[in-house]
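Report on one structure; see the data block that follows.
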Amino acid sequence: MSLVAAKDVWREYARGGIAALAGVSLDVAPGEFVALLGRSGSGKSTLLNLLGGLDRPSRGSILVDGRDLATMNARELSLYRRGVCGFIFQSFNLVPTLPAWENVALPLVFRGEARTARKTKALAMLDKVGLASRVNNRPTQLSGGEQQRVAIARALIGQPRMLLCDEPTGNLDSATSSQIMQLLRDAHSAGAALVMVTHDPELATQYAQRTVRMADGKLQEAA
Amino acid sequence: MNLGAMVWLALEGLLRKKGRNTLTMSGVFIGVFALTLIVSLGQGLSRAVTETVSGTDNLRQVGLTGGFGIELSNDPAEIEISGEMNDARRDRLRRAAVNRRQIRQVAGRRANAIDDKTIAQLSKLPHIESIQPVIVERYEMKLNGHQSPATLSYGVDVGRKRYADRVIAGSYFSGDNAPEAIVHEYLLYKWGMLNDGDYARVIGQKVRLKTIQTELTPEQQAPPMLQDMLRDLTEEERKAMQTLLPKLLKQFGQSNERRAAEREFTVVGVLREQIPGDPFNVIEDGNAVQADLFLPQETARELFLASAVNVELGYPRALVTVTDSEFAPEVEQTLRDKGYTAFSVASALKQIESVLLMITVSISFLTGIALIVSTLGIVNTMITSVIERTREIGIFKAVGATNAQVMTVFLCESALIGLIGGLLGLGLAALAMLPGDMLAVQLINEKAAIPFDQPVFVLPLWLMIAGPALGTGTAIAAAILPARRAARIDPVKALRHD
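Chains as they are written, first to last, in the working numbering: chain A, 3 to 225; chain B, 37 to 534.
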């Protein structure tokens, strides 16, 4: 039984235009760590966005718990992202004006949780990623590695069943990258499935249980 | 949905661009400020007018005026302009004749005399509680060695305790028939009683009143309006007047031979001038405002009717009191239909209130332009904000915000601009009302004959709520399109936005 099952998924950006994805099928099992490996423009980020419900396929289906993301309306997709997914981006995507703890607590705002509950959970999560002393710092006052740790804490605070990571170490030096990957591995060990987009084959083989290669919008092989 | 959290996100967004949002807010602030002031002025003036006249029996009273019984036509077609002349001149002269007839009509409309018989008849009309003649008459007056050729006197309804509170020396009348008089402090001042202690010396003294005797011809004796009419009548109208004129002239002619009525009264009190805060009765005090001498109603009536011409002509005016203020306009109309000139404060008040409402509404519309302009400012600010925060909207959506939640954040942001602007506008308007009230009361008391101490700005609870609510509502309406735009942003594109 897969957590997410993409079947013959296409994503075309203009009618009859370039297909960013051309008939991709991929199953992700609960608790599985999958690396999507490929060059820029190979379609791996597009697939990640589709798996996370940020985008809809032009054709094909993406089944989650028996429901097809392709047929969900905007609200249902939002609730899917809120309940199932946690996103980690290469450029961190933190709200620059909010302190670290409020960035971490942001998903809870849209779940309707009260401020005190939000703060308690966010502080606990920041402690877990080693940022207990930086809770009130804004993103601009944090290093790249620290910002990515805030982003991981934000992704984990909703206890997602699947973490979707788009080049999570792309902007970081190798030492910091290791720390971040360790945090992701911890999250994976705690039970979350993990789909990571990367162009670094070493990172893929070192951490992922399965590596999927992509080129020109298609899957190349499974390792 | 946790609205508090949305408001918090909105507030955080607002604080990010303090300068821009303050400017946007100032539009709402000015609009609500001006609107609150205008509406509260309208409310205040309306209430001030109502409260000024609704005391005592103002709204239950109808003033009634009698007349000489001359009816003249006002239809230009019925007016013959003879002579060889061009049409333009004929039209002008016809118009001039009509205009002059209209003046006569004022006198002419007073077709019916008011005497004890007609008062008894009119009193039987529905909704009428009482009709009392208004006795205002000039007499030759002698008091304490002083003499005045034509002092204006006024008959006071003793039972209703009118003016009792204004007696500053001596006492009030003992009854409606008492041979007593109260003098006005201004008359005493004119007669040289300058010091406070002088009033006491007048109490208990005798005042002599005598009907004014004149040596004029009958035509001169007629009031100026009637003299004018007599000169101005066409041959045709003279015929119509044939039955009435001798009677009228006889009435006026009697004055040379009329019995000179003369009475002596005891001065029991001194009346002070009306001051702000005194109950003011439009019709009664309108008659009494220039009076220097006050007599009990029945005493005044007896003296008035002691003159034969007065018996013939009747009372110049009467005061009709209706059972309830709601019937005043109806009774007023009934009396007019019967050929009297009638005036009620209740119907005048309705007219004043509708005029005030019209003025308030029209100025409010003008003021509303400020709010419309501020709406455009809000639209601009919100569109800019949505564009600037596109990436943030993408983040919101990635972490699970629904389109409705994204929209709510931006609507809250705009609502806060409207609410804060509205509250500031309301607050400043409330502050501005304090000096505004003082200035207005001062100006009105300088210019108006009626003593006035009512606030002219009134801020009722509904306006305190409506002002900021209007600001907030306007701001929310202005933000709907930008907020929808924010809600519909594609999260993938938004997350790539710089």
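Even for Gly, the Cβ is constructed at its ideal location relative to N, Cα and C.
Query, Result
"The region 518-525 of chain B touching the region 432-448 of chain B, judged by at least three CB pairs closer than 8 Å", "yes"
"Sufficient close CB pairs (3 or more, under 8 Å) joining the region 406-414 of chain B to the region 52-72 of chain B", "yes"
"Beta carbon proximity, B/P527 to chain A, threshold 8 Å", "yes"
"Proximity of B/G454 and B/T420 at Cβ, strictly below 8 Å", "no"
"B/R140 in three-state terms, based on DSSP", "Caution is warranted here: a pLDDT of 47 is assigned to B/R140, below 50, making its placement in the model unreliable, and the coordinate value is therefore given only provisionally. Correct three-state label for B/R140: helix."
"Residue range of the unbroken beta strand (DSSP E) whose run includes B/L495", "Careful: B/L495 lies outside any beta strand (DSSP E) and carries neither H nor E."
"Below-8 Å beta-carbon distance, B/K53 vs any chain A residue", "no"
"Any chain B beta carbon closer than 8 Å to A/A8", "no"
"is_contact[A/N138, chain B] using C-beta, thresh 8 Å", "no"
"Between the CA atoms of A/G54 and A/G19 - distance to the nearest angstrom", "24 Å"
"Whole-number beta carbon distance between B/T335 and B/P169, since they are thought to touch under 8 Å", "Rounded, the Cβ-Cβ distance is 13 Å, inconsistent with contact."
"Minimum C-alpha distance to B/L224 - residue among B/V238, B/R125, B/S166", "B/V238"
"Segment contact flag, the region 221-235 of chain B with the region 303-318 of chain B, C-beta cutoff 8 Å, min 3 pairs", "yes"
"Closer than 8 Å to chain B by CB, A/S80", "yes"
"First and last residue of the uninterrupted alpha helix (DSSP H) at B/F340", "333-341"
"Straight-line gap, A/V30 to A/A119 (C-alpha atoms, nearest Å)", "32 Å"
"Short CB-CB distance (under 8 Å) between A/L100 and chain B", "yes"
"C-alpha gap between B/A186 and B/Q310, whole angstroms", "22 Å"
"Cβ separation of B/F301 and B/Y199, assumed to be a contact under 8 Å, to the nearest whole Å", "Between B/Y199 and B/F301 the Cβ distance is about 16 Å, and since that is not below 8 Å, they are no contact."
"B/W498 burial status per 10 Å Cβ neighbour count (16 or more: buried)", "exposed"
"Min CB distance B/E48 to chain A below 8 Å", "yes"
"Close-in-space but distant-in-sequence residues of the same chain around B/S400 (CB under 7 Å, 5 per side omitted)", "L71, I74, V75"
"Between the CA atoms of B/V492 and B/Q333 - distance to the nearest angstrom", "36 Å"
"Burial state of A/Q149, where buried means 16 or more other Cβ atoms lie within 10 Å", "buried"
"Beta-bridge pairing of B/Q183 - partner residues as DSSP gives them", "B/K178"
"Three-state secondary structure assigned by DSSP to A/L5", "coil"
"Reference B/S383; option with closest CA among B/E48, B/G80, B/L45, B/T86", "B/T86"
"Residues that B/K433 contacts on chain A, provided the C-beta gap is smaller than 8 Å", "L56, S80, R83"
"Proximal residues, the region 111-141 of chain A versus chain B, C-beta separation under 9 Å", "V111, F112, R113, G114, E115, A116, R117, R120"
"Collapsed DSSP secondary structure at B/I218 in the structure displayed", "strand"
"Candidates B/L349, B/N122, B/R337, B/S166: closest to B/G102 by CA position", "B/L349"
"Where A/F94 sits in the DSSP three-state scheme", "coil"
"Burial state of A/R151 (16 or more Cβ within 10 Å)", "buried"
"Three or more C-beta pairs below 8 Å linking the region 109-117 of chain A and the region 53-71 of chain A", "no"
"N-terminal and C-terminal residue of the beta strand (DSSP E) that B/P169 is part of", "164-170"
"First through last residue of the alpha helix (DSSP H) which encompasses B/K386", "381-424"
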